[in-house]
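Chemist:
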Amino acid sequence: MPIVSIITPAHGAETTLSSTLESLIAQSHTDWECIIIDDGSTDQTAEIADHFADRDTRFRVLRQEQSGVSVARNAGLAQAKGDWVVFLDSDDTLASSHLEIMLGHTRTLPQADILHCGWRRLKHGAPWWQSHPAVKMDNPFAATARYCPFAIHAALVRRSRLTEIGGFDPEMKMCEDWDLWQRLARAGAEFAPVESLMADVSVTAGSLSSNRVKHLDFGLKVIRRGHHSDPRVTDPVPVLAQGVTQAALATACWYLAIWLVGASIGQGDNPGELLDRVAEPIPPDADVYALIAVMVDGIVVGAFADEPIWPGLWSKIQDKLPELEAWFNRHGPQEAFGSLLVRSMERKVADQLPTNVLTTIGTTRIQPIDLDRPIVDLILPDIERLRCCIWRGPTPLGQVEFVVFGAIEADTIRNRLRMVFGPDFDQDDGRAVSTSMAAPSHRGVARRLLKLMAKISRWAKAKTSAGWWSKEEPTPTHVDSILVTAHAGRAEFDRIVDEERRRAIAASTQMFNEKPSKKTGPAGDEVPRYDTEAYWEELFSQVDPWDYRNNYETVKYFQTLSLLDDRRFSNGLELACAEGTFTRMLAPRLDNLLATDISASAVARAASLQDHDSPVAYRQLDLLRDELGGPYDLIVCSEVLYYLENREKLRQIVDKIAGSLRTGGWFVTAHANLLIDRPNETGFGWPHEFGAIGIGEAFDQHPDLTLSAEAKSPLYRIQRFEKVERGGFLEPTRVEVNTAQPLPLQVASQVRWRGGRVVESAADWNDVPILMYHQVSDDGPEQLSRYRQSPEAFESQLAFLRDAGWRGMTLDRLLACFDEGAKPPEKTLVLTFDDATRDFMTHALPLLHRYGFPSSLFVPTDRVGSSAIWDSAYGPPAPLLTWEELAAVANSDVTLGAHGARHVRLSALAPESLLRELAGSKAMLEKCLGREVLAVAYPYGDFDPAIREIAEQCGYRIGLSCVGGRVQANADKLALKRQEVFRGITRSEFANLLFG
């Protein structure tokens, strides 16, 4: 009895069957049988099969009416005698050692049910296109739920397993082998790879099925079954019974579809019908570069292209790409997804071409430049990317890439070459430029950028040929019209930048209408007489001069009330009540309240706003000169005592207040933190003798008063003192509270964050981690959860940084380190936040203030005040900050940077759109917020050397990528690395980000 049975269905196979069967006769292992099933052939297939059966008794022939390959294989399987089975189609072949090697592995891998080797395509008997080595599948069922893992004749299958699973499904007219592997995997069959390419698929023009719709429909059926239960498998592995997670379904469907789309394009057909048949939406996190690799494979296989594949194949498929681009732009998960797909495919193809031949691939031009020849102006209509491949004679030196606007001047190319290769590489009409006249070399920076881009790129490195180009490169003629057109490329750049600048000016003019000025604290050069009634009367000549109802004051009022606990008071006094905003909130807590202020106008206005049945009486009172009366159960006095001229007068007021309190009564006060108390901490720089800390100390030092509760924020302190028997003491309750966000502009603009300190310079450079966050929130779509930190986790990270001695650095200071030669000290980092979602202001910013860390926020300017619509495929998108909120944030120890205009992948864009994204977002931020913007965070981290160059030309000095790592002294400022902080990161993992 043979150990292995080969089952070969054949229909209309007269041209290939002989080769297939001869490959069996050539096997080094001879103990086999082959069952040939003639599936209703009308050509010479049956005669060829009979001929082999007459020659060699190991061949047997079965005949049936045409019923399809699944029925034919099942018929052969029913007659098989071997313990192992190979399904060998009538147009495929096996390497001569195939059976010997595979059967040998059944002895070394006795637990295996399916052994699979590598396979390749043969064209005219020679290997063609890409081979497919055997790959170990850690989870065979998950793999077969996504794709067909190997060619059918690459597998040696235990016959008993095939019998248990029921063989092939006759309903599957295509993808039946894939379906079989998936069912076997669900039933728990063991898969094992075998090295070597021992299965060959002979391909000819037209050998790929033209019925791609049928292929897609059956393939999608297999994928969908893999993500659900399958009643055909009666005894599945329990954990596989319901299929793999639904989250992977759409990705698998689209990988299949995009391969068939590529095959359709390769065969000269339009892909629209296939694209419309996939019900699953394109997944929001679709990897465009992986899709491109799959599609390019489909294009080449579908086209049956001769070697070398490119650029010849491009000319045959390029007219199909506009439809593809338009479809994916309409249906893609991100804006301009189709454009990204096509442009990235152009560059992937260009990467595979020799660098010594002038070639155009779509909108990408490969331009060899010999440094022994003159560099000339280039007129490049319809070209978006110019890839200059630099040679000196037969020696390749490297590449530089440009975004072009119809033309590029020779000087522009020369200047880039100086930066990349140094002045010695420069030449002008064949003569080297004097080193003393050349620009300084940035060769090291350029080389580091190229290394960085190698990490970013998912593509193979470009091939280079050993010789000089085979065709003579045409040298453009230097005529006036060419020179003018080349200059026009720069003029077009300047025109677009100017348009974006004027658009930003118009938007900023319309956006902000002048509002009446409100005060919080004195003006910088103001020297008022706070102890005079006249000063306060002048102040209250306008209504609400301090903007008492802004969110900053309102939150502080509620925090002040919280210190009253649930106590109700019989008799209370409010000092400096102003227009009674807080008075009206306080009144329900007392039976009787006397509200006083030095300004008669303020008292009158407060009384006029009070309800008729309120327990409040109003009276003008000069805190310094008048008696307070009492005794009171509660005295409240906020944001006024720092106006006192000196500490002696403060002590007088402390005595007066203490004397007016009943024993057990409370004095509650809220005051701003001033730099005069703690110069190195956040506070206001007002010209007073003391702030909240000095005031609190004065009251705490009084023998009849003791601090019983304190609520501390970065900008103020709210304190409660209790009158006790002389010398009494209470252990105070202390809590941290947040200030309201956004801070009113008149508040934020007067704060000296961290005392106005900058990180000092060290003796040696210490690498700087730039941490990248997106959202700080508990809410949002589950699929985006890895990009969200909970507020509790974020606070824990800030506490860890503070306790470990880390300090925050602004991007401006980091830039100064590069520009001025300063060196960051140890344990210095930068915190960055992308997208400008509203949770930055409500959750992140208060915690940053509390722990004393500056930050940088990157804003997609065309989306301001809207939502993160680029995430809408995942669920309701997060709201974004408004311009008014950004203006306040910009004064809150936050450096604002650009994140593009629309938050799109920059490499998807044509030159004009790219420039508008970068120049427009910079101009909009600068005009609307009135401050220079020097930093850009490339959306999705998507950039390359050419985009980096455009960013620099737009005036950016810092560019942030998504490549992991720390900032070193020799880093390229426009391609800085960042460490992304994902949700669920452990303490040790977080610590590793700081040092890795």
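Sequential numbering of the sequence shown, starting at 54, is according to the working numbering. Just so you know, even glycine gets a beta-carbon here, dropped at the ideal spot from N, CA and C. If you're wondering where the values come from, they're calculated on a predicted model, not measured in any experiment.
Can you give the Cα-Cα distance for residue 896 and residue 608, rounded to whole angstroms?
Modeler: Start at 1 with the first residue of the sequence shown, and residue 896 comes out as number 843. Start at 1 with the first residue of the sequence shown, and residue 608 comes out as number 555. Using only the alpha carbons, I get a separation of about 15 Å.
Chemist: Do you know how far the Cα of residue 984 is from the Cα of residue 541?
Modeler: Start at 1 with the first residue of the sequence shown, and residue 541 comes out as number 488. Start at 1 with the first residue of the sequence shown, and residue 984 comes out as number 931. For residue 541 and residue 984, the distance between alpha carbons rounds to 31 Å.
Chemist: Take residue 592 and list the residues in its own chain whose beta-carbon comes closer than 6 Å to its own, dropping the five residues that flank it on each side.
Modeler: In the sequence shown, counting from the first residue as 1, residue 592 sits at position 539. 598.
Chemist: Less than 7 Å between C-beta atoms, sequence neighbours within five positions excluded: which residues of the same chain meet that for residue 493?
Modeler: By 1-based counting over the sequence shown, the position of residue 493 is 440. A caution first: residue 493 carries a pLDDT of 35, below 50, which makes its placement in the model too unreliable to give a value.
Chemist: Considering just the uninterrupted stretch of the alpha helix (DSSP H) at residue 382, what are its terminal residues?
Modeler: Residue numbering aside, residue 382 sits at position 329 when the sequence shown is read from its first letter. Run containing residue 382: 374-384, per the alpha helix (DSSP H) assignment.
Chemist: At the level of alpha carbons, what is the spacing between residue 181 and residue 73?
Modeler: The count along the sequence shown starts at 1 and reaches residue 181 at position 128. The count along the sequence shown starts at 1 and reaches residue 73 at position 20. Cα to Cα, residue 181 sits roughly 18 Å from residue 73.
Chemist: Could you work out which residue in 257, 206 and 796 is closest to residue 68 when comparing CA atoms only?
Modeler: Within the sequence shown, residue 68 is the residue found at index 15, counting from 1. Cα-wise, what sits closest to residue 68 is 257.
Chemist: Using only alpha-carbon positions, find the residue among 884, 927 and 920 that is nearest to residue 909.
Modeler: Mapped onto the sequence shown, residue 909 falls at position 856. Here the closest residue by C-alpha is 884.
Chemist: In the DSSP assignment, what residue or residues form a beta bridge with residue 540?
Modeler: Sequence index remark: in the sequence shown, residue 540 carries index 487 (1-based). The partner list for residue 540 (beta bridge, DSSP) is empty, contrary to what the question assumes.
Chemist: Just the C-alpha distance for residue 469 and residue 960, rounded to the nearest angstrom, thanks.
Modeler: Walking along the sequence shown from the start, residue 469 turns up at place 416. Walking along the sequence shown from the start, residue 960 turns up at place 907. Roughly 20 Å separates the two Cα atoms.
Chemist: Can you tell me whether DSSP reads residue 681 as helix, strand or coil?
Modeler: Within the sequence shown, numbered from 1, the residue matching residue 681 stands at position 628. The answer is coil: DSSP assigns residue 681 none of H, G, I, E or B.
Chemist: For a minimum of 4 consecutive residues, which ranges assigned as the alpha helix (DSSP H) are wholly contained in the stretch 96-154?
Modeler: 98-108 and 122-132
Chemist: Given this structure, state the Cα-to-Cα distance separating residue 1021 from residue 945, to the nearest angstrom.
Modeler: Walking along the sequence shown from the start, residue 1021 turns up at place 968. Walking along the sequence shown from the start, residue 945 turns up at place 892. Looking at the two C-alpha atoms, the distance is approximately 28 Å.
Chemist: Just checking, does the stretch 685-697 make contact with the stretch 663-671 on the three C-beta pairs under 8 Å criterion?
Modeler: no
Chemist: Looking only at its chain, what residues have a beta carbon closer than 6 Å to the beta carbon of residue 889, apart from the 5 residues adjacent to it on each side?
Modeler: For the purposes of this step, residue 889 is taken as the residue at position 836 of the sequence shown. Taken in chain order, the residues that qualify are 910, 912, 933 and 934.
Chemist: What did DSSP end up calling residue 173 once you bin it into helix, strand or coil?
Modeler: As a working note, residue 173 is residue 120 in the sequence shown. In the structure shown, the three-state DSSP call for residue 173 is strand.
Chemist: Please classify residue 726 as buried or exposed, where buried requires at least 16 neighbouring CB atoms within 10 angstroms.
Modeler: As a first step, residue 726 is located in the sequence shown; it is residue number 673 there, counting from the start. That one is buried.
Chemist: Can you tell me whether residue 249 is helix, strand or coil according to DSSP?
Modeler: Working through the sequence shown from its first residue, we reach residue 249 at position 196. DSSP places residue 249 in strand when its eight states are reduced to three.
Chemist: So if DSSP puts residue 842 in a beta bridge, which residue, or which two residues, is it bridged to?
Modeler: Here residue 842 is taken as the residue at index 789 of the sequence shown, counted from 1. Under DSSP, the beta-bridge partners assigned to residue 842 are 829.
Chemist: Just verifying my parser: in three-state terms, what is the DSSP assignment at residue 902?
Modeler: Position 849 of the sequence shown, counted from the start, is the residue given in the question as residue 902. For residue 902, the secondary structure class from DSSP, reduced to helix, strand or coil, is helix.
Chemist: Which same chain residues, not among the five before or five after residue 1029, have their C-beta less than 7 Å away from its C-beta?
Modeler: By one-based count along the sequence shown, residue 1029 stands at place 976. Once the five neighbours on either side are set aside, the close Cβ partners of residue 1029 are 823, 1011, 1012, 1013, 1014 and 1020.
Chemist: For residue 449, does the three-state DSSP call read helix, strand or coil?
Modeler: The count along the sequence shown starts at 1 and reaches residue 449 at position 396. Of the three classes helix, strand and coil, the one that applies to residue 449 here is strand, per DSSP.
Chemist: Please work out which residues of its chain come closer than 6 Å, Cβ to Cβ, to residue 710, disregarding the five sequence neighbours upstream and downstream, and give them in chain order.
Modeler: Within the sequence shown, residue 710 is the residue found at index 657, counting from 1. Closer than 6 Å at the Cβ level, and outside the excluded window around residue 710, lie 688 and 720.
Chemist: Residue 558 to residue 980, Cα distance in whole Å?
Modeler: Along the sequence shown, one-based indexing puts residue 558 at 505. Along the sequence shown, one-based indexing puts residue 980 at 927. Their backbone Cα atoms lie some 6 Å apart in a straight line.
Chemist: Quick one, are the C-beta atoms of residue 315 and residue 354 less than 9 Å apart?
Modeler: Counting from 1 along the sequence shown, the entry for residue 315 is found at position 262. Counting from 1 along the sequence shown, the entry for residue 354 is found at position 301. It is a contact, given that the beta carbons lie within the stated cut-off.
Chemist: Would you kindly report the start and end of the unbroken beta strand (DSSP E) that includes residue 186?
Modeler: On the sequence shown, position 133 is the one that residue 186 refers to. Taken as a continuous stretch (DSSP letters only), residue 186 belongs to no beta strand (DSSP E), as it is neither H nor E.
Chemist: Is it buried or exposed, residue 165, if we count other Cβ atoms within 10 angstroms and call 16 or more buried?
Modeler: Position 112 of the sequence shown, counted from the start, is the residue given in the question as residue 165. Buried: at least 16 other Cβ atoms inside 10 Å.
Chemist: Please tell me whether residue 102 and residue 112 are closer than 9 Å, where the distance is taken between their beta carbons.
Modeler: Mapped onto the sequence shown, residue 102 falls at position 49. Mapped onto the sequence shown, residue 112 falls at position 59. It is a contact, given that the beta carbons lie within the stated cut-off.
Chemist: Inspect the beta-carbon positions of residue 242 and residue 193 and report whether they are closer than 9 Å.
Modeler: Mapped onto the sequence shown, residue 242 falls at position 189. Mapped onto the sequence shown, residue 193 falls at position 140. Yes, the Cβ-Cβ distance between residue 242 and residue 193 is below 9 Å.
Chemist: Please report how far the alpha carbon of residue 266 lies from the alpha carbon of residue 454, in whole angstroms.
Modeler: Taking the first residue of the sequence shown as 1, we reach residue 266 at position 213. Taking the first residue of the sequence shown as 1, we reach residue 454 at position 401. Each residue's Cα considered, the two are about 40 Å apart.
Chemist: Determine, using beta-carbon pairs with one atom in the stretch 790-798 and one in the stretch 898-905, whether at least three such pairs fall under 8 Å.
Modeler: Touching, yes, given that three or more Cβ pairs across the two stretches are closer than 8 Å.
Chemist: Using the three-state DSSP reduction, which class does residue 413 fall into: helix, strand or coil?
Modeler: Position 360 of the sequence shown, counted from the start, is the residue given in the question as residue 413. Note: residue 413 maps to strand in three-state DSSP.
Chemist: Is DSSP giving residue 70 helix, strand or coil here?
Modeler: Taking the first residue of the sequence shown as 1, we reach residue 70 at position 17. Look at residue 70 here: in three-state DSSP terms it is helix.
Chemist: Can you tell me which of the three DSSP states residue 882 falls into?
Modeler: By one-based count along the sequence shown, residue 882 stands at place 829. Looking at residue 882 - three-state DSSP - the assignment turns out to be strand.
Chemist: In chain order, which continuous runs of the alpha helix (DSSP H) of length 4 or greater are located wholly inside the stretch 208-273?
Modeler: 212-218 and 229-239
Chemist: Name the DSSP bridge partner or partners of residue 989?
Modeler: Within the sequence shown, the letter at position 936 stands for residue 989. As computed with DSSP, residue 989 is found in a beta bridge with 951 and 1012.
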